[in-house]
Amino acid sequence: MIFGEEGFGRQIEQFRTELFAYCYRMLGSVHDAEDVVQETCLRAWRARESYDEKRGSVRTWLYRIATNACLTALKSRGGRALPSGLVAESDPLAPLVPGEHAWLQPVPDSLLGDPAATVIGRSSLRLAFASALQHLSARQRGALILRDVLSFSASETAEILDATVASVNSSLQRARARLKETGVRQEPAEPSAAEQRVWVERYLKAFELADVEALKRLITEDVLMEMPPMLNWFTGRGNYGLFMDWVFDVAGKDWLLRETTANGGQPGFAAYQRAGDGYRLHTLQILTVTAEGISRNSVFQDPEIFEAFGLPSAIS
Numbered sequence: 001m002i003f004g005e006e007g008f009g010r011q012i013e014q015f016r017t018e019l020f021a022y023c024y025r026m027l028g029s030v031h032d033a034e035d036v037v038q039e040t041c042l043r044a045w046r047a048r049e050s051y052d053e054k055r056g057s058v059r060t061w062l063y064r065i066a067t068n069a070c071l072t073a074l075k076s077r078g079g080r081a082l083p084s085g086l087v088a089e090s091d092p093l094a095p096l097v098p099g100e101h102a103w104l105q106p107v108p109d110s111l112l113g114d115p116a117a118t119v120i121g122r123s124s125l126r127l128a129f130a131s132a133l134q135h136l137s138a139r140q141r142g143a144l145i146l147r148d149v150l151s152f153s154a155s156e157t158a159e160i161l162d163a164t165v166a167s168v169n170s171s172l173q174r175a176r177a178r179l180k181e182t183g184v185r186q187e188p189a190e191p192s193a194a195e196q197r198v199w200v201e202r203y204l205k206a207f208e209l210a211d212v213e214a215l216k217r218l219i220t221e222d223v224l225m226e227m228p229p230m231l232n233w234f235t236g237r238g239n240y241g242l243f244m245d246w247v248f249d250v251a252g253k254d255w256l257l258r259e260t261t262a263n264g265g266q267p268g269f270a271a272y273q274r275a276g277d278g279y280r281l282h283t284l285q286i287l288t289v290t291a292e293g294i295s296r297n298s299v300f301q302d303p304e305i306f307e308a309f310g311l312p313s314a315i316s
């Protein structure tokens, strides 16, 4: 089958967003995923005359190209992680220790379109799941995403991974077992959007007031906080309170917050710290909300992430 230029463009465009979401899960980086999708489109363009519809659909063909590009990227760059999956828990008042590591990044929802209207899948984009995937080898990761998330058949997955059905099934079994062995924290089911909104609005108000006791009432007993690129992370309501007391003592109690969403609907906000006559961007915080309160706060302080979310460095 030979694509005309316009026909080829339409074929590619309808899969671009889901390819980006797939590459993000594989690589854990917004920038790297965008690069690989661009590379996939370029490779597909160059190979368009060799596409054989008898071997599979255009979608399967594009996923094979994208997967090969992801596997190549992972050989040189390796996987990404969050501190809670990399090092032991810290004392909340211990000095902050930067880590020389490629950290998992959140992905702005603006790059995902409407997950509800595509095969992207909201829950499989959550930071906790994206972090869990980093415990798998590259091929195990690919098999798990293709089979369990995107619902490709075993034969389609074998075609994409250039493997046998038997090896795909073996990789899938090992991937599932590995996730259980790592003891990756399983978050409870999410409450409705309206319930989440109540928790988030209360949290933002308490943060703007620097009201630590109010913040503590809005988090779960086993809440987890981590803050890449720092290695520090900890769990527990009491530890959370100690840390936030320290933050407001050191960074002040005058903050400006701007809401955002990430990873298929996770609520978050950019925190701007008072600086002279205006406010300076301090962190991007992504929340995990349960029926009992906020169970996880992943705090990022990376210019590349700020840029991906379109956050201004200062607000006057």
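At position 106 of the sequence shown (counting the first as 1) the number is 106 in the numbering used here, and the numbers step up by one without a gap. We treat Cβ as the ideally placed atom computed from N, Cα and C, and that holds for glycine.
Should residue 40 be labelled buried (16 or more other beta-carbon atoms within 10 Å of its own) or exposed?
buried
Roughly how many angstroms lie between the CA atoms of residue 307 and residue 93, to the nearest whole one?
30 Å
Measuring straight from C-alpha to C-alpha, what distance separates residue 75 and residue 212?
44 Å
Could you check how far apart the C-beta atoms of residue 80 and residue 29 are, in whole angstroms? I think they sit under 8 Å.
6 Å
Cα-Cα separation between residue 259 and residue 147, rounded to whole angstroms:
34 Å
How is residue 310 classed by DSSP in three states: helix, strand or coil?
coil
Classify residue 303 as helix, strand or coil using the three-state DSSP reduction.
helix
Using the C-alpha atoms, what's the distance from residue 84 back to residue 66?
29 Å
Whole-angstrom distance between residue 149 and residue 107, CA atom to CA atom:
18 Å
Under 7 Å Cβ to Cβ from residue 134, same chain only, skipping five residues before and after it: list those, please.
28, 79, 80, 81, 85 and 104
Alpha-carbon spacing of residue 206 relative to residue 13, whole angstroms
43 Å
Touching by the beta-carbon criterion (3+ pairs, under 8 Å), the region 280-289 and the region 192-203:
yes
Using the three-state DSSP reduction, which class does residue 297 fall into: helix, strand or coil?
strand
Environment of residue 173 [buried if 16+ CB atoms lie within 10 Å]
exposed
For residue 218 versus residue 199, is the C-beta spacing smaller than 9 Å?
yes
Using a Cβ-Cβ cut-off of 8 Å (strictly less than) and excluding sequence neighbours within five positions of residue 159, which residues of its own chain qualify?
55, 56, 60 and 64
Tell me the residue span of the alpha helix (DSSP H) that contains residue 222.
Per DSSP, residue 222 belongs to no alpha helix (DSSP H); it is in the beta strand (DSSP E), 219-226.
Count the other CB atoms, across all protein chains shown, that sit within 10 Å of the CB of residue 95; report buried if there are 16 or more and exposed otherwise.
exposed
Quick one: what's got a C-beta closer than 7 Å to residue 252's C-beta in the same chain, skipping five residues either side?
273 and 274
Assuming residue 220 contacts residue 265 under a Cβ cut-off of 8 Å, what Cβ separation, rounded to an integer in Å, is found between them?
Wrong, their Cβ atoms sit about 19 Å apart, outside the cutoff.
Which residues does DSSP pair with residue 289 in a beta bridge?
294
Helix or strand or just coil, what does DSSP make of residue 72?
helix
On the three-state DSSP scale, how would you describe residue 259?
strand
Does the beta-carbon distance from residue 177 to residue 165 come in below 9 Å?
no
Nearest to residue 169 (by Cα), restricted to the options 22, 143, 18 and 70:
143
Check for me: the alpha helix (DSSP H) holding residue 272 runs from which residue to which?
Per DSSP, residue 272 belongs to no alpha helix (DSSP H); it is in the beta strand (DSSP E), 266-275.
Ordered along the chain, which non-local residues of its own chain (more than five positions away) have a Cβ less than 6 Å from that of residue 241?
212 and 216
Just to confirm, does residue 246 get its C-beta within under 8 Å of one of the non-hydrogen atoms of the ligand ZN?
This structure lacks the ligand ZN, and indeed carries no ligand of any kind.
Going by DSSP, which residues form a beta bridge with residue 278?
275
Report yes if the C-beta distance between residue 224 and residue 99 is below 9 Å; otherwise report no.
no
Rounded to the nearest angstrom, what separates residue 2 and residue 42 at their Cα positions?
Its pLDDT being 47, under 50, residue 2 is placed unreliably in this model, and the coordinates cannot settle the point.
Residue of 226, 18 and 244 minimising C-alpha distance to residue 88
226
Residue 175 and residue 126 - do their beta-carbons sit closer together than 9 Å?
no
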